[in-house]
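Inspection log for the structure reproduced underneath, given as structure tokens.
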Amino acid sequence: MSDRPSDRSSGRPPASGGDRRARVTPVPGIFGPDEAEPAEVPADALRDAAPRASAWLDEDEASGDPAQPSGPPPTGATAPRATPPPEAQRPPEASRTPQPPPPSPPLAPEAAGPFEATIVSETIRPTESELVEQAKEATRDRAREVGSLLVTYGKAHLPERKPPVHAPPSGPPKLAGRLGQIIPVLQVIPVLLLIVFVLSFWWDFQDMSMIVPVFGWSVPLDGLLRVLSVSGLIGFLTNWVAITMLFQPREKRAIIPQGLIPAQRERVIYRLSEAISKELINADIIKQKIQESGAIGRYRDMALGVVRGVVEDPGFRTDLRSLASGYVGDVLQRPDLRRELTRLAAQKMEESAGQGLGGAVLKIYRSVAEDDFQRRIDKALDEIPGAVEPLLDRIDVALDAIPPKIEARSEDIEAFATQAVLGFVESLDIRSMIVEKARGFDEGQLEGLLKSTSNEQLNYIKYLGAILGVLGGLVIWQPIGSLVAFFSIGLTLWAVDEALVRARRARAPEAS
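Counting from 1, position 350 in the sequence shown corresponds to residue 350 in the UniProt record's numbering; the numbering is continuous, with no gaps.
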């Protein structure tokens, strides 16, 4: 390090008066619009800072800063002479022995000087990743607030939804015509057959006969009631047992076989789901109904109306501006982030001032007026939210441009929504959905599901079995005569029915 004149290290003479202070003007071009404001610092601090500045300049010259002009070293009369330290300041030999410094208590940032506070704060300052995470968390909090704001105003502008009015589905159609009127009568047949069977034990045409007028045959009637009643009851009970064994027993037993449907439960579910997914509900039917209903176009218009109502709502714009303007202020009010921004600002100032005279002056200023330096940086940080306010006017312009842009792309939006909905429908495996739902049914629920669609037909089959049993009893009683009579009656009924059907078909084209 080169020698300096002794007057450089001597410092300024103490100012006269009770308050020895001097006024130092900040370095131009560093602190912004208020850079001309002077800062009052103690004169003693200026005197003590002179040797520091001399040392900093010596370090700059020794480092060979290319930004500073270089020349030949001074020689002769121009070369400064090193001034040895005064003898009074030289310690005695005994005192030169190195002694361990006494331990000093740690300094708190608020109780230490500017440099000591910086050292202490370095140990407790959060890492850069922690500060970034804090900033991200603040951004996420504000994003959630904006989302809540959109939901609130969206619900306010959402039109009242009116549920579609559909006619309630009518019940299953009853059997019409004379057959429907006969079914209630058929329910009495098993009871009558049981009564006749009991009566046959006391009276059953004993020693009685009947003469057929056409052929002159004599037909005995003895035992006729028992034959007809037993055969009718057998027909009824046979059908009843067959229908009951479709569903009962529901669980496996040791001797009695399990019901057909519970035993084949998985197969029944698979066949039922396959029939429903192919014939009743499938992707093609759903897509056709969606396109015919025009629901996507209606929802597009409704969404556009909601968006227009929200962005044109003065309350929404006011709340959005408030959230945006308060975001920067909230971030800057976080102590850790504020300290980090202050440190970065000071670092950028030192880099901008360089290592020459400007850097030395900045270091002098910070050493003698650190409080004023921090105050100016804090003031600059406090002015950032106000500088953001003019940018908030662009929010209204951006909000005004949203509805026209959506309207210009409304057809594309509808086409995209249609493709999205149809793609979703195509991705549905309806058969698997039905199978999964049906597998959740127990045997009782599955029985109720099947009986709810065919219970009347099953009852009709049971009662019809009683009638067929009575006819079978007549065949047992008189085989030849009964078969001839049944064939003649059946052929006649078929011929009459066919004639009526053809006549009805012939009249149908004339009526149309």
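The beta carbon of each residue, even a glycine, is placed where N, CA and C say it ideally should be.
From residue 182 to residue 227, what distance separates their C-alpha atoms?
24 Å
Host beta strand (DSSP E) of residue 188 (start-end):
No beta strand (DSSP E) holds residue 188; DSSP gives it neither H nor E.
Mind reading off the beta-carbon distance from residue 231 to residue 481? Whole number of angstroms is fine, and I expect it under 8 Å.
Incorrect: roughly 16 Å between the Cβ atoms, too far for contact.
Label residue 433 either buried or exposed according to how many other C-beta atoms from any shown protein chain fall within 10 Å of its C-beta, with 16 as the threshold for buried.
exposed
So, helix, strand or coil for residue 105, using DSSP?
Low confidence applies here, because residue 105 scores a pLDDT of 46, under 50, leaving its location unreliable; read the following figure in that light. It is coil, neither helix nor strand.
Quick check on this structure: which residue in 342, 296, 479 and 422 has the alpha carbon closest to the alpha carbon of residue 375?
342
Quick check for students: name the residue ranges of the alpha helix (DSSP H) that lie wholly in the stretch 405-462, counting only runs of 4 or more.
410-427 and 430-439
Let's see if you can read the secondary structure: which residues bound the beta strand (DSSP E) around residue 220?
218-220
Closest Cα partner of residue 435 within the set 249, 270, 281 and 134:
270
So, does the stretch 242-261 touch the stretch 442-450, judging by three or more C-beta pairs under 8 Å?
yes
With a cut-off of 8 Å on the beta carbons, I'd call residue 146 and residue 323 a contact; round off their distance for me.
6 Å
Close-in-space but distant-in-sequence residues of the same chain around residue 475 (CB under 6 Å, 5 per side omitted):
482
DSSP on residue 256, reduced to helix/strand/coil?
coil
Could you check how far apart the C-beta atoms of residue 403 and residue 308 are, in whole angstroms? I think they sit under 8 Å.
5 Å
What does the Cβ neighbour count give for residue 192, buried or exposed, with the cut at 16 atoms within 10 Å?
exposed
Beta-carbon gap between residue 425 and residue 254 smaller than 8 Å:
no
Quick one: what does DSSP say residue 205 is sitting in, helix, strand or coil?
coil
Report the rounded CA-to-CA distance for residue 487 versus residue 256, giving the unit in angstroms.
40 Å
Alpha carbon to alpha carbon, how far is residue 197 from residue 492? Give it in angstroms, no decimals.
32 Å
Report buried or exposed for residue 201, applying the criterion of at least 16 other Cβ atoms within 10 angstroms of its Cβ.
exposed
List the whole-angstrom C-beta distance separating residue 311 from residue 399, where the pair is believed to meet the contact cut-off of C-beta under 8 Å.
4 Å
Could you tell me the alpha carbon to alpha carbon distance between residue 505 and residue 275, rounded to whole angstroms?
32 Å
When DSSP labels each residue in this structure, what does residue 158 get in the three-state scheme?
coil
Please determine, among 142, 281, 509 and 463, the residue with the shortest C-alpha to C-alpha distance to residue 325.
142
Tell whether a beta-carbon distance below 8 Å holds between residue 395 and residue 320.
yes
Nearest by alpha-carbon distance to residue 327: which of 130, 140, 129 and 133 is it?
140
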